[in-house]
Structures are given as structure tokens and as C-alpha cells.
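Participant: If you scroll down you'll find the structure; I have some questions about it.
Numbering (this note's numbering), first residue to last: 1 to 292.
Set out below in C-alpha cells:
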């Protein structure tokens, strides 16, 4: 007999969307022999708790199996029957990179998810179970902050009718220097997720609500067509929106755009081009089928 565990690990970003823990490593351990507390045996999965490299090394002899998650955060891992059917499993995750970070971390981040008692179902010669977990938004924001990665999620709307503007590109820039921090594609629903690396200077004070987390940069936005033409650009001479001053690690943002002339001209040119194409096709049709 063997065991097979399948599932998914993801994170909630800014209380606004789910992101898979792509390429993270899930490690499954046998429980400690010294567990006496009945609560530990209940299989309660908790918020991620940071682990030191030394703590991970100390439990190496209890490692049962490990697997690297795919791009969607899915996993499938199997091992031979070497533990009791009702035994809990200890789950850890190891993160070496997240969206926006760029290069992988020199020192991986380890976290404990607590104990988990799978609901095993027998299928032929295999016991199968599933496990899914979503890292809470606040915990993921803390992890982002530790790695100096900022996230902006939101929606792009037309300033007049408030309808979503889709299939465009949102760019974020640092106020003052004008440095581009990152860009993101806007989907059919007008939604986007932009993540970038930023290490705040020491002089920038932490937010009042959380003294352990530093503020990020002041940012302004631009919206471009897929071809790179500017549709809308935030006026840097005006005061930035409050939520964009000293950006929080995870920020939700609604961008209301008033399209520039270039967008209207592009649409007008596109309309004329389609009309000319129809005229040419009609002319070819007449020439081909006309009687001599």
C-alpha cells in the first residue's frame, strides 16, 4: 500500500484575489514522538509560522515526502506506507521566489502550517486524500514585507461611465525620481495585479496601525494600449491619492481614466482602415463576378 496526497496552495493578495504559491516546496513530516497535547492531534492547520534553517534541519529525520508546486500551485506527492492510517502529518512550506521579486532568494523562507489529519480514501492499492490551503491576506502581506515586495491590485474604469477598461497595460512609477516600478496587463474584467521589488529607505516611518511594517514609495500611474500608446497619465503636479502615498505592502487601487486624443485617433484610424478593407473586397467581388 502507498499514500498519495493531492491539492493546491495559494495566497490571498490584498483581500482582492488569489495567487498560487508557484514553485514553492511542500514538505510533509511524520509527527514528533513527544506530542502529548491532544489539541496538536486534532489536525488544525494554522497561519504560517516562520521557521529558522536550524529548525528545519532538526526535523530532517522525520521528512516523509516533499514536492515542488507547479505554476498553478497544484501538487501530487506519494510515499510508501510507513505510518499509521490515523496519524497526523506536519506540513511545512519553503518559498524561494514570489512574483515581483525577480531573482530567487539567497536564503529560502521556511514556514510551518501545523498538523493535518488527511481523510484517506482507499482506491485499489492506494490511499488518497486532498489538501488545499490559502495563506490569509495579512500573513501574505507580512511575507511580502519581509521580502521587500509590494503588490497593487485593482481595476481600471472609464472616468465617465465607470465601466471597466480592458486589454490595456497599467504602469506604476515612483514619485520624484519617475522610475518605473512595474507594469501589469489588465484583463477582460478590467482587473490587474502589479507586483514589484522595493527596499524602503530607513528614514521612511512605519504605518501607525502596524509599527513593524515600513511604508513603501509614493506612486503614480500610467495606462497604455497594448501597442504602447499612452491612454492616460496621472498628473504628477497634483496631489497623489492618499492610498498611493507611502504605499502599503498590499494596496487596492481603482484607476479612473480619461482617454487622451491618441486613443480616439487610434480608434478612428482603425475604423477607416476597416471601411477601406470592405470597399476593396467589394470591388474585387464585382470585378470577379461581373459579366463581360
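Note that CB positions come from ideal geometry on N, CA and C, so glycine has one too.
Mind checking whether residue 194 and residue 217 have CB atoms under 7 Å apart?
Facilitator: No, these two residues do not count as a Cβ contact at 7 Å.
Participant: Since residue 56 is in the alpha helix (DSSP H), which residue starts that stretch and which ends it?
Facilitator: That run of the alpha helix (DSSP H) goes 53–58.
Participant: Determine whether the beta carbon atoms of residue 73 and residue 21 lie at a separation below 7 Å.
Facilitator: Closer than 7 Å, so yes.
Participant: How long is the line joining the alpha carbons of residue 41 and residue 111, rounded to whole angstroms?
Facilitator: Only weak support is given to the placement of residue 41: the predicted model assigns it a pLDDT of 47, under 50, and the value that follows is read from those uncertain coordinates. If I take the Cα positions, the gap works out to 19 Å.
Participant: Report the option in 224, 185, 4 whose CA atom is closest to the CA atom of residue 124.
Facilitator: The shortest C-alpha separation from residue 124 is found at 4.
Participant: For residue 263 and residue 102, I'd like the C-alpha separation in whole angstroms.
Facilitator: Residue placement at residue 263 is poorly supported in this model, since its pLDDT is 46, which falls under 50; the coordinates are not used for a value here.
Participant: Around the Cβ of residue 15, are there at least 16 other Cβ atoms within 10 angstroms (buried) or fewer (exposed)?
Facilitator: Classification for residue 15: exposed.
Participant: Considering only their Cβ atoms, is the gap separating residue 222 from residue 171 smaller than 7 Å?
Facilitator: Result yes, Cβ atoms of residue 171 and residue 222 sit closer than 7 Å.
Participant: Keeping to the same chain, check which residues put their C-beta closer than 7 Å to that of residue 79; ignore five residues upstream and five downstream.
Facilitator: The residues are 2, 3, 64, 65.
Participant: So what's residue 120 in DSSP terms, helix, strand or just coil?
Facilitator: If DSSP states are grouped into helix, strand and coil, residue 120 belongs with coil.
Participant: Considering only C-alpha positions, which residue in the set 143, 166, 249 is nearest to residue 256?
Facilitator: For residue 256, the nearest C-alpha among the options comes from 166.
Participant: Any idea if residue 49 is buried or exposed, counting beta-carbon neighbours within 10 angstroms, 16 or more meaning buried?
Facilitator: So residue 49 counts as exposed.
Participant: Classify residue 234 as buried or exposed, calling it buried when 16 or more other Cβ atoms lie within 10 Å of its own Cβ.
Facilitator: So residue 234 ends up on the buried side.
Participant: Can you check the segment 133–171 for any alpha helix (DSSP H) of at least 4 residues that lies completely inside it and give the ranges in chain order?
Facilitator: Taking only runs of at least 4 residues, the alpha helix (DSSP H) segments lying wholly in the segment 133–171 are 137–146.
Participant: For residue 70, does the three-state DSSP call read helix, strand or coil?
Facilitator: Coil, per DSSP.
Participant: Taking 7 Å as the threshold (C-beta atoms), are residue 9 and residue 133 in contact?
Facilitator: Their beta carbons are under 7 Å apart, which means residue 133 touches residue 9 by this criterion.
Participant: Taking the beta strand (DSSP E) that residue 103 falls in, what are its first and last residues?
Facilitator: From DSSP, residue 103 is part of no beta strand (DSSP E); its letter is neither H nor E.
Participant: Could you compute how far the alpha carbon of residue 149 sits from the alpha carbon of residue 121?
Facilitator: Near 40 Å, if we compare the C-alpha coordinates of residue 121 and residue 149.
Participant: Helix, strand or coil, according to DSSP, for residue 15 in the structure here?
Facilitator: Three-state result, residue 15: coil.
Participant: In whole angstroms, what separates the C-alpha of residue 258 from that of residue 164?
Facilitator: The straight-line gap from Cα to Cα measures roughly 12 Å.
Participant: Taking the alpha carbon of residue 224 as the point to measure from, which residue in 52, 183, 245 has its own alpha carbon closest?
Facilitator: Comparing Cα-Cα distances from residue 224 to each of 52, 183, 245, the minimum goes to 183.
Participant: Tell me which residues share the same chain as residue 90 and place their Cβ nearer than 7 Å to its Cβ, disregarding the 5 neighbours each side in the sequence.
Facilitator: Within the same chain, residue 90 has close Cβ partners 29, 31, 115.
Participant: Grab me the residues of residue 61's own chain with a C-beta within less than 8 Å of its C-beta, minus the 5 sequence neighbours each way, in chain order.
Facilitator: Correct list: empty, nothing qualifies.
Participant: Can you tell me where the beta strand (DSSP E) holding residue 62 begins and where it ends?
Facilitator: Taken as a continuous stretch (DSSP letters only), residue 62 belongs to no beta strand (DSSP E), as it is neither H nor E.
Participant: Would DSSP call residue 4 helix, strand or coil?
Facilitator: Strand.
Participant: Check the C-beta distance from residue 46 over to residue 113 and give it rounded, since I have them as a contact under 8 Å.
Facilitator: Correct: roughly 7 Å between the Cβ atoms.
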